[in-house]
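S.K.: Below are the structure tokens for one structure; questions will follow.
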Amino acid sequence: MSSRQATVTVDLNAIQQNFNYVRELAPASRVMAVIKADAYGHGAIQVARKLTGAEAFAVARVSEAVKLREAGVQGNICLLEGVIDKEEVNLASVYELQLVVHSHQQIELLSARGARRPVWIKVDTGMGRLGLKPEEVEASFAELGRQKVLGLMTHFPTANEARDESAPRQLEAMSALAKKLETIAPQAAVLNMANSAGVMTVPDSRADWVRPGLMLYGASPMAACIEDPELTPAMTFSAPVVAVRRIKTGDTVGYGSTWQASENCRLAVVAAGYADGYPREVAAGTKVLVNGEEREIVGRVSMDMLTVQLADADSVDPGDQVVLWGEGLPIEQVARQADTIPYTLMCGIGSRVRRVYRGEVRG
223 MSSRQATVTV
233 DLNAIQQNFN
243 YVRELAPASR
253 VMAVIKADAY
263 GHGAIQVARK
273 LTGAEAFAVA
283 RVSEAVKLRE
293 AGVQGNICLL
303 EGVIDKEEVN
313 LASVYELQLV
323 VHSHQQIELL
333 SARGARRPVW
343 IKVDTGMGRL
353 GLKPEEVEAS
363 FAELGRQKVL
373 GLMTHFPTAN
383 EARDESAPRQ
393 LEAMSALAKK
403 LETIAPQAAV
413 LNMANSAGVM
423 TVPDSRADWV
433 RPGLMLYGAS
443 PMAACIEDPE
453 LTPAMTFSAP
463 VVAVRRIKTG
473 DTVGYGSTWQ
483 ASENCRLAVV
493 AAGYADGYPR
503 EVAAGTKVLV
513 NGEEREIVGR
523 VSMDMLTVQL
533 ADADSVDPGD
543 QVVLWGEGLP
553 IEQVARQADT
563 IPYTLMCGIG
573 SRVRRVYRGE
583 VRG
């Protein structure tokens, strides 16, 4: 393996610690651990093998669930977007998947294929993307017929904001719906509502089930993008220095010549760029760690490289690793500098980046 590669190091023990924190916050709830998008770039198979205490896993696509099953992952796997055609219905049956039902078309598809699957009914209480309206849910129980209904699910659009006004209304809507339907459909009283932000900030949403995602990986889901000391970051993104260069006052660096040296100095050229998942959009002065010390990126991030200004006393050689985010440098900090969120950074790691696991469970 080339030493020139950028590397993501994933601490699976940190993910376990964050899972345990979910248990502390919601001790009466079952946990559906969200591992879609390859566990937010952390490796879905490795995370699933680690989190054996989760009562279920959640993914977005059938292909994600198939990979988990073929890797030997047992237990409940839920498709958050459900199925869209007969092929996916068949795969859901073969691989024994739970389905989220969010439209009448999906209900008709299941009926037409003669499938019998455990299903969650998705209720749109304010997110506006997927889900049946509350007034449509009662009829759906009759339409589902042969399916085993596990309960009602909803999603919060603004639980991650400091002054969230939507979550209380959504909770009230779900509570009223459950109360209305539980006499004719006891499963309606089983509620699955809280995402990471809900788990952390909306105690009343920690009902029968919770669905933590980002918080499992040690980053804060809150809109302010400030790191949470209760969470343990699991991902460290690093890359090697490929060159150390001396430049003179007035020299420019990078595409567009947007940065000009104000004095004679040294630069480290680091083998990571936007093709590896490091955002081109980072603001001037964004920090990285060189030998544990904060140093600034200068010039534009390019496809394969970025440049860092070194201090006079820095002892740096080609091959030395530079931390781009992770241990000692919170991903939230980089996300703020790129005007984005930790989710996009984690999920944007490129395929050529090497993955290394600590605390791995061999399957």
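If you use my numbering, the sequence shown closes out at 585, no skipped numbers anywhere.
Just so you know, even glycine gets a beta-carbon here, dropped at the ideal spot from N, CA and C.
Suppose the cutoff is 8 angstroms on Cβ atoms and the five residues either side in sequence are ignored; what does the same chain contact list for Ala465 look like?
M.R.: The count along the sequence shown starts at 1 and reaches residue 465 at position 243. Taken in chain order, the residues that qualify are Ala490, Val491 and Pro540.
S.K.: Check Met444 in the structure and name its three-state DSSP category.
M.R.: The count along the sequence shown starts at 1 and reaches residue 444 at position 222. In the structure shown, Met444 sits in coil (DSSP, three-state: anything other than H, G, I, E or B).
S.K.: I need the DSSP call for Pro462, collapsed to helix, strand or coil.
M.R.: Here residue 462 is taken as the residue at index 240 of the sequence shown, counted from 1. Residue state, collapsed to three classes: strand.
S.K.: Mind listing, in chain order, the continuous beta strand (DSSP E) runs of no fewer than 3 residues lying wholly within the stretch 282 to 331?
M.R.: Correct list: 298 to 301 and 320 to 323.
S.K.: Using the beta-carbon count (16 or more within 10 Å), is Asp426 buried or exposed?
M.R.: Numbered from 1 along the sequence shown, position 204 holds the residue referred to as residue 426. By the neighbour-count rule (16 or more Cβ atoms within 10 Å), Asp426 is not buried but exposed.
S.K.: If you check the beta carbons only, do Ser315 and Ile343 fall under 7 angstroms apart?
M.R.: The residue you call residue 315 lines up with position 93 of the sequence shown. The residue you call residue 343 lines up with position 121 of the sequence shown. No; because the gap between Cβ atoms is not below 7 angstroms, this pair is not in contact.
S.K.: Mapping the DSSP letters down to three states, classify Asp426 as helix, strand or coil.
M.R.: Residue mapping note: residue 426 aligns to position 204 of the sequence shown, counting from 1. If DSSP states are grouped into helix, strand and coil, Asp426 belongs with the helices.
S.K.: According to the neighbour-count rule (16 or more other Cβ atoms, all chains shown, within 10 Å of its Cβ), is Pro408 buried or exposed?
M.R.: Counting from one through the sequence shown, the residue named residue 408 turns up at place 186. With fewer than 16 other Cβ atoms within 10 Å, it is exposed.
S.K.: Would you identify the three-state DSSP class for Thr566, choosing helix, strand or coil?
M.R.: Looking up residue 566 in the sequence shown gives position 344. Residue state, collapsed to three classes: helix.
S.K.: Identify whether Ile343 lies in helix, strand or coil by the three-state DSSP scheme.
M.R.: Here the question's residue 343 lines up with position 121 in the sequence shown. If DSSP states are grouped into helix, strand and coil, Ile343 belongs with the strands.
S.K.: Helix, strand or coil for Asp260? Go by DSSP, reduced to three states.
M.R.: If you number the sequence shown from 1, residue 260 lands on position 38. If DSSP states are grouped into helix, strand and coil, Asp260 belongs with the helices.
S.K.: Report the rounded CA-to-CA distance for Glu246 versus Arg385, giving the unit in angstroms.
M.R.: The residue labelled residue 246 in the question sits at position 24 within the sequence shown. The residue labelled residue 385 in the question sits at position 163 within the sequence shown. The straight-line gap from Cα to Cα measures roughly 24 angstroms.
S.K.: Along the chain, where does the beta strand (DSSP E) containing Met375 start, and where does it finish?
M.R.: Taking the first residue of the sequence shown as 1, we reach residue 375 at position 153. First-last of the beta strand (DSSP E) with Met375: Lys370 to Met375.
S.K.: Take Gly572 as the anchor and find which of Val538, Asp498, Asn513 and Gln227 has the nearest alpha-carbon.
M.R.: What you label residue 572 is simply residue 350 of the sequence shown in a count that begins at 1. For the residues Val538, Asp498, Asn513 and Gln227, the minimum Cα distance to Gly572 belongs to Asp498.
S.K.: If you reduce the DSSP assignment to three classes, tell me which class Lys402 lands in.
M.R.: Stepping through the sequence shown from its first residue, residue 402 is reached at position 180. Residue state, collapsed to three classes: helix.
S.K.: DSSP on Ala278, reduced to helix/strand/coil?
M.R.: Here residue 278 corresponds to residue number 56 of the sequence shown, with the count starting at 1. If DSSP states are grouped into helix, strand and coil, Ala278 belongs with the strands.
S.K.: Drop a sphere of 10 angstroms on the beta-carbon of Val311, count the other beta-carbons inside from all chains shown, and report buried for 16 or more, exposed for fewer.
M.R.: Residue numbering aside, residue 311 sits at position 89 when the sequence shown is read from its first letter. Under this definition Val311 is a buried residue.
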